[in-house]
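Here the structure is laid out as structure tokens; the discussion comes afterwards.
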Ligand SMILES: CC(C)(COP(=O)(O)OP(=O)(O)OC[C@H]1O[C@@H](n2cnc3c(N)ncnc32)[C@H](O)[C@@H]1OP(=O)(O)O)[C@@H](O)C(=O)NCCC(=O)NCCS
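Take a look at the structure:
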């Protein structure tokens, strides 16, 4: 059965504006964090001051080959969507952190819009920092999240077929089993070399999650074990995913 998007009047007549937050004193930071807090469970939340600190680093001109971005969609002074992520120059890949739309505003394409803006910023980073085209955008999603099914409908997106874990963000939490997806920007890829996946994992754990020695973490070693002896990592097909739940989690 064909699916139809909700009509624009349901959202109201004024369309949301989408922009990047660049000022560490921007009052919108509190509202964005509220949306994230309402959407994701506590063990997946970064603290609000971490965003402010990142923007302060940017203002101080401290960044070299990586850049963090926060994109927001606002309507009538309210934050209704957010996408955050980091470009990593060493692997020339953009990584999506959070992607969320407030429940009443879902189904209007705002999520894809803020994500597209983030991808445009990553492309710009790749040109400015590496003088080349962005290689890929990657992200982590729960296996039963309908968003994963939406993503892999694109031939550019591979849901990588191995046991991926998001590291615990705080002492006492557990690593979270998720699916790592890879959206190739140039030619679509059917599989990735396992050696490339290993480098991506190491860079994201070191540089996004700021884990000094990933090999000391059992969950990082489990991932490497799962890749061992494999030359290529293929994709998880939609038919192999569990039925989608409407869980707000990753
Ligand atoms: C995922 C999300 C950002 C999509 O934003 P949106 O503006 O509603 O996007 P769209 O209206 O264009 O819908 C895009 C797809 O999202 C999927 N989707 C719908 N509701 C969803 C939900 N509650 N949770 C996750 N994905 C959902 C649908 O599969 C839809 O694809 P389709 O219309 O082709 O079937 C939004 O649903 C959300 O905030 N979900 C909770 C947080 C989350 O799951 N974030 C993504 C992982 S980090």
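Numbering (the working numbering), first residue to last: 311 to 560.
We put the CB at the ideal spot given by N, CA and C, even for glycine.
Could you tell me if residue i is buried or exposed, where buried requires 16 or more neighbouring beta carbons within 10 angstroms of its beta carbon?
i	result
residue 535	exposed
residue 314	Low local confidence applies: a pLDDT of 42 at residue 314 is under 50, so the model's placement there is unreliable, with the coordinate-based value given in what follows. With fewer than 16 other Cβ atoms within 10 Å, it is exposed.
residue 435	buried
residue 441	exposed
residue 471	buried
residue 525	exposed
Helix, strand or coil: which one does DSSP assign to residue i?
i	result
residue 513	helix
residue 403	strand
residue 376	strand
residue 487	strand
residue 388	strand
residue 398	strand
residue 424	helix
residue 356	coil
residue 442	coil
residue 336	coil
residue 549	helix
residue 366	helix
Taking DSSP's pairing of strands, which residues face residue i in a bridge?
i	result
residue 492	448, 468
residue 393	381, 409
residue 474	488
residue 503	542
residue 328	383
Nearest to residue i by CA position, among the options, is which residue?
i	options	result
residue 490	484, 467, 346	467
residue 359	350, 337, 373	337
residue 379	367, 474, 394	394
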